[in-house]
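Going letter by letter, the sequence shown gives residues -24 to -1, 1 to 837 in mature numbering (1 follows the signal peptide of the UniProt record, and there is no 0).
Idealized CB from N, CA, C, for every residue including glycine.
It should be emphasised that the depicted structure is a prediction, and the values quoted were computed from it without experimental measurement.
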Amino acid sequence: MNLDLKLWPASALCALMLPGAAMAADFTIVDGQTETMTQTLSDPGDVGTVEAGGTISTAGDNHHAVRMNENGQSLANHGRLETSGGRSSGILSGGDDAVISNSGVIETSGGEGHGITSGGDGAEIGNSGTIETSGIFGYGIRSSGADAEIENSGAIETSRLYSDGIWSHGANAVIGNFGTIRTSGLSAEGIWSDGANAAIDNSGVIETSGDIAEGIDSSGANATVSNSGTISTSGYNADGIWSHGANAVVLNSGTIATSGDWAMGIYHFGADSVVLNSGTIETSGISGYGIRSSGADAEIENSGAIETSGLYSDGIWSHGANAVIGNFGTIRTSGLSAEGIWSDGANAAIDNSGVIETSGDSAEGIDSSGANATVSNSGTISTSGDNADGIWSHGANAVVLNSGAVETSGDLAYGILSEAADATIGNTGTIVVTGAGAAGVLSTADGATVTNSGTIASEQDNALELQGSNATVNLLAGSVIRGGIEFGQPGTATLNIGPGLNTALTVTGMPATVDAGGRPLVVSGGVVAVVDPVGFAAAPSMIAGATGALANSLDRRMRGPVSSSAPSFVTSYFPVAGGGEGASAAGWWGDVFGGVSSRSASGNEAGYGQLHGGAVVGFDREVSASTRAGLFAGGLAGRFAEDNDATVVDMAGIFGGAYARHDAGAFFADLSVTGGVTFNDSDRQVLNNLAPGGIETATASYSGVFASPSLTVGRNYEVAGATFTPSLRARYAGIYLDGYTETGSAAALTVDSRVHHVFDLRAQVETALVDRDDAGDMQRVSLRAGVDGIFHRGDDVDADLLGTGISFASGTDEDVARGFVGVDAAHVMPGGRTFNAGFEVGAGTDSVVTLDLRAGLRGRF
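Laid out in structure tokens, this is it:
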């Protein structure tokens, strides 16, 4: 914030014309030599040198130590230059393309006595020594020409008013500080530049202690200011970096610290700026913002650390329209009304994926007041002061999205507060508030829409409160609401409950429209109870899956050899008689089998995953020349889990049965009958906003019985030396499930018994590959592919909910076509034992993907 008084005074130009100076071409001041008159380079290209131990010391106004009058001149000072008069620089250059270097000492004490002054274009100025000024307007280095290159790797110190360390007035300047710049006067800035296209880089140390003494002040358009070193200011209104030109780029990867009131870490005033902080910014004064931007179309990003401790000291403060603000690092504030991020420009886009923490009263995590703003949080926002909201939005048509964590602990500190019309609020993360009178989400204006699939919790007030007209709340799968739900104008309000949710919600101001998408719904006594029907498909689905896997195991048994003396692997299906000694002996076998299936959520239906498996042992023997029969028994288990564990059903059971195989030449028929009993435990998660934790578990246990006959017919074909076996299988599963009554929920169900039917028609083609290893053991790998037609029929679920009878489909009444491919392998070893394994993968028109696995061992008695 330097004043116009800093412009080059006419007296300095006139000084080039004054008599009394020693006029010379090249000159050298040697070690031990002291001159008291100005040394002047008078011709273009002249070179001046002051060697170490050499001194030029002048007294009186306008008596410079060295004066360079023409273009292309150069001066190297390794000794000492001293001036004590007004307007007396250590080095004064007026020509273009000057080259000035100081590795010695330059000291000036008069007003406007600069260490180095350059007025020509294209100057190269370097300081690796010491420059000290003690007069008012005594700049360390002053350059007013275009295209200057100024570098300090030494020390520059000024001690009076308006005495900048480096002052640059020309366009296209390149300024670098790799050493130390210290100033202590009013408006004595570390580096000041007002030329367009300037490039300013500090990787050293800049310290200022005066009021209005910025570390770096850049006012030219298109400037780039970079700090990878340290900038420290202690005066009032002394920003670390002040940029007030259009299209500026400000980069900080170092440290900026300010301690005065109204002393910001970075302050930019200009359109189309870019401010990026990957370092550390610390401020401790009142209204000491970490980053402040007042121009339109600003891009502000913090991936480092911003910390403020003064009143009204926001971490990031943006005043322009169309700002893009991102925090990917850490912002911490501790003062009254010191907000993490504050933006009042229209069309702002604010994104926090880092950490924002505030501890003062009225210190919001994010405060957005511009129209059409979008505020997104995927990180953490935490506030601890009263009236310190996590996110405060008060611009029209705002969009507020939280997929991270918002936590407030102060009284009247809302998680999200929206005070403008037509706001859209979405939460897939966590919002937890603990203070008195603090709602999780509060909307005070008309037309608000809140969509939630995360957690919203208020320990002492409403979790959700919408006071305006035409309010809409959408609760989706995964929602947890802990605290009251209130609609201020229920006559125009809408509550939508999506798939994957069971609810027992207590609502104040029941909306005129409550919609559960066709799922069972009861509204009674201020409670909204919804049942998601997907979980009621669990027991039929697991039993059907397990009996199907068992049928595959039986098929493999009946289609494989019972002894190692069988003649050869000449077909996919093996005859049960003939072919060698022991072929008709009794056989034993055992299999373990399992499968997994899943369906992704789609449209109005929740997704789920299912596991089923079991173990079976069996015995068989030949009953005629072409028929073999046996018995089997085993156990099965399964788990069905809806998305977000909305419903989880665990199943265990036992089964037994008989099977037979008949061969008629190339034709064969396999028959099996299975029966069993299951024991089922159901846990249904119920969203209850008044329950501890916001979730209840409705539990029940019930049993069931099932019977499943299966018939397969097929034929072997020899084609070009290979065997192909097409087959058809018809399988039925009849399932009876007991009724039950749930406990543990305000919306517990009483469910009647029901019967379910599954018809499965399978068509497949199989071919086998056979080999014999060096030990004489036989290897068989078969490949198969086919299609299932699966048809579900059965009773609707009849139940009682909140004293109201309801009836709904179980979710398994869809007819499905399913394609599959499978691989089976067998290794036949001497001694009558066979190890076998296989897998099958499939996908159906119901979007269910399945995988079944099997392994077993068989032999003969």
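| said: Going by beta-carbon coordinates alone, are residue 228 and residue 255 separated by less than 8 Å? | reply: Mapped onto the sequence shown, residue 228 falls at position 252. Mapped onto the sequence shown, residue 255 falls at position 279. Taking 8 Å as the Cβ cut-off, residue 228 and residue 255 qualify as a contacting pair.
| field | Burial state of residue 259, where buried means 16 or more other Cβ atoms lie within 10 Å | value | Position 283 of the sequence shown, counting from 1, holds the residue named residue 259. Buried.
| said: Would residue 384 and residue 414 be called neighbours here (beta carbons separated by less than 8 Å)? | reply: Start at 1 with the first residue of the sequence shown, and residue 384 comes out as number 408. Start at 1 with the first residue of the sequence shown, and residue 414 comes out as number 438. Their beta carbons are under 8 Å apart, which means residue 384 touches residue 414 by this criterion.
| request: Could you say if the stretch 516 to 535 and the stretch 803 to 810 meet the contact criterion of at least three C-beta pairs nearer than 8 Å? | output: no
| said: Please report the straight-line C-alpha distance between residue 179 and residue 77, rounded to a whole angstrom. | reply: Position 203 of the sequence shown, counted from the start, is the residue given in the question as residue 179. Position 101 of the sequence shown, counted from the start, is the residue given in the question as residue 77. Taking the straight line from one Cα to the other gives about 20 Å.
| query | If you run the structure through DSSP and keep just helix, strand and coil, what is residue 687? | reply | Here residue 687 refers to the residue found at position 711 of the sequence shown. Of the three classes helix, strand and coil, the one that applies to residue 687 here is strand, per DSSP.
| Shortest alpha-carbon distance to residue 11 belongs to which of 19, 1, 40? | As a position in the sequence shown, residue 11 is number 35, starting the count at 1. For residue 11, the nearest C-alpha among the options comes from 40.
| request: Have a look at 397, 399, 419, 372 and flag the residue whose alpha-carbon is nearest the alpha-carbon of residue 391. | output: As a first step, residue 391 is located in the sequence shown; it is residue number 415 there, counting from the start. Taking only the C-alpha atoms, the option nearest residue 391 is 419.
| In the DSSP assignment, what residue or residues form a beta bridge with residue 916? | Since the first and last residues shown for the chain are -24 and 837, residue 916 lies out of range.
| Which partner residues does residue 44 have in the DSSP bridge list? | On the sequence shown, position 68 is the one that residue 44 refers to. BP columns for residue 44 point to 17, 69.
| query | Between residue 794 and residue 619, what straight-line distance do the alpha-carbon atoms span, to the nearest angstrom? | reply | Taking the first residue of the sequence shown as 1, we reach residue 794 at position 818. Taking the first residue of the sequence shown as 1, we reach residue 619 at position 643. So the two alpha carbons sit approximately 23 Å from each other.
| field | Segment contact flag, the stretch 156 to 171 with the stretch 130 to 140, C-beta cutoff 8 Å, min 3 pairs | value | yes
| message | Looking only at its chain, what residues have a beta carbon closer than 6 Å to the beta carbon of residue 203, apart from the 5 residues adjacent to it on each side? | response | Counting from 1 along the sequence shown, the entry for residue 203 is found at position 227. Once the five neighbours on either side are set aside, the close Cβ partners of residue 203 are 178, 228, 230.
| Pick from 654, 235, 72 that is closest to residue 710, judged by C-alpha positions | Stepping through the sequence shown from its first residue, residue 710 is reached at position 734. Taking only the C-alpha atoms, the option nearest residue 710 is 654.
| task | Confirm, please, whether the CB-CB distance from residue 616 to residue 635 is below 8 Å. | result | What you label residue 635 is simply residue 659 of the sequence shown in a count that begins at 1. What you label residue 616 is simply residue 640 of the sequence shown in a count that begins at 1. Cβ atoms of residue 635 and residue 616: not closer than 8 Å.
| message | Taking the straight line between their C-alpha atoms, what separation do you get for residue -7 and residue 278? | response | Mapped onto the sequence shown, residue -7 falls at position 18. Mapped onto the sequence shown, residue 278 falls at position 302. The predicted position of residue -7 is uncertain, since its pLDDT is 42 and thus under 50; no value can be drawn from it.
| said: Based on DSSP bridge pairs, tell me the residues matched to residue 126. | reply: Against the sequence shown, residue 126 aligns to sequence position 150. In DSSP, residue 126 forms a bridge with 101, 151.
| Below 8 Å, can you find three or more Cβ-Cβ pairs linking the stretch 651 to 670 to the stretch 625 to 642? | yes
| field | Straight-line Cα distance separating residue 380 from residue 88 | value | As a first step, residue 88 must be located in the sequence shown, where it is residue number 112. As a first step, residue 380 must be located in the sequence shown, where it is residue number 404. C-alpha separation (whole angstroms): 57 Å.
| said: With distance defined between alpha-carbon atoms, name the residue in 196, 280, 236 nearest to residue 247. | reply: Residue mapping note: residue 247 aligns to position 271 of the sequence shown, counting from 1. The shortest C-alpha separation from residue 247 is found at 196.
| query | Under a Cβ-count criterion, where at least 16 other Cβ atoms within 10 Å of its own Cβ denotes burial, should residue 359 be classed as buried or exposed? | reply | Position 383 of the sequence shown, counted from the first residue, corresponds to residue 359. By the neighbour-count rule (16 or more Cβ atoms within 10 Å), residue 359 is buried.
| Sequence-distant residues of its chain with Cβ nearer than 6 Å to residue 659 (five each side left out) | Here residue 659 is taken as the residue at index 683 of the sequence shown, counted from 1. Excluding residues within five positions, the ones whose Cβ falls inside 6 Å are 624, 673, 675.
| said: Can you check which of these residues, 816, 666, 773, is closest to residue 740 by C-alpha distance? | reply: Here residue 740 refers to the residue found at position 764 when the sequence shown is read from its first residue. Of the listed residues, the one whose Cα sits closest to residue 740 is 816.
| request: Would you identify the three-state DSSP class for residue 523, choosing helix, strand or coil? | output: In the sequence shown, the residue the question calls residue 523 occupies position 547. In this structure, residue 523 counts as helix in the three-state DSSP scheme.
| query | Which same chain residues, not among the five before or five after residue 23, have their C-beta less than 6 Å away from its C-beta? | reply | Along the sequence shown, one-based indexing puts residue 23 at 47. Cβ within range, chain order: 2, 50.
| Beta carbon of residue 118, beta carbon of residue 93: below 8 Å? | As a first step, residue 118 is located in the sequence shown; it is residue number 142 there, counting from the start. As a first step, residue 93 is located in the sequence shown; it is residue number 117 there, counting from the start. Their beta carbons are under 8 Å apart, which means residue 118 touches residue 93 by this criterion.
| Going by beta carbon distance, what residues of the same chain come within less than 6 Å of residue 68, once the five residues before and after it are set aside? | For this step, residue 68 is matched to residue 92 along the sequence shown. Only 40, 43, 93 meet the Cβ criterion.
| query | Which residues in the same chain as residue 823 place their Cβ atom closer than 8 Å to its Cβ, once the five residues preceding and following it in sequence are excluded? | reply | Counting from one through the sequence shown, the residue named residue 823 turns up at place 847. 575, 576, 578.
| field | Continuous alpha helix (DSSP H) assignments of at least 4 residues falling wholly in the stretch 750 to 790 | value | none
| said: For residue 517 and residue 698, what's the separation of their Cα atoms in angstroms? | reply: Position 541 of the sequence shown, counted from the first residue, corresponds to residue 517. Position 722 of the sequence shown, counted from the first residue, corresponds to residue 698. Each residue's Cα considered, the two are about 37 Å apart.
| Cβ-based burial, residue 337 [other Cβ within 10 Å; buried from 16] | For the purposes of this step, residue 337 is identified with residue 361 of the sequence shown, where counting begins at 1. That one is buried.
| task | Would you list the residues sitting across from residue 702 in a DSSP beta bridge? | result | Start at 1 with the first residue of the sequence shown, and residue 702 comes out as number 726. The partner list for residue 702 (beta bridge, DSSP) reads 741.
| said: With H, G and I counted as helix, E and B as strand and the rest as coil, what does DSSP make of residue 651? | reply: One-based indexing of the sequence shown puts residue 651 at position 675. It is a strand residue.
| query | Alpha carbon to alpha carbon, how far is residue 213 from residue 190? | reply | Within the sequence shown, residue 213 is the residue found at index 237, counting from 1. Within the sequence shown, residue 190 is the residue found at index 214, counting from 1. C-alpha separation (whole angstroms): 8 Å.
| task | For residue 589, write down the residues that DSSP places opposite it in a beta bridge. | result | In the sequence shown, the residue the question calls residue 589 occupies position 613. Residue 589 is bridged to 570, 613.
| task | State the Cα-Cα distance for the pair residue 774 and residue 725, rounded to the nearest angstrom. | result | For the purposes of this step, residue 774 is identified with residue 798 of the sequence shown, where counting begins at 1. For the purposes of this step, residue 725 is identified with residue 749 of the sequence shown, where counting begins at 1. Taking the straight line joining both Cα atoms gives about 10 Å.
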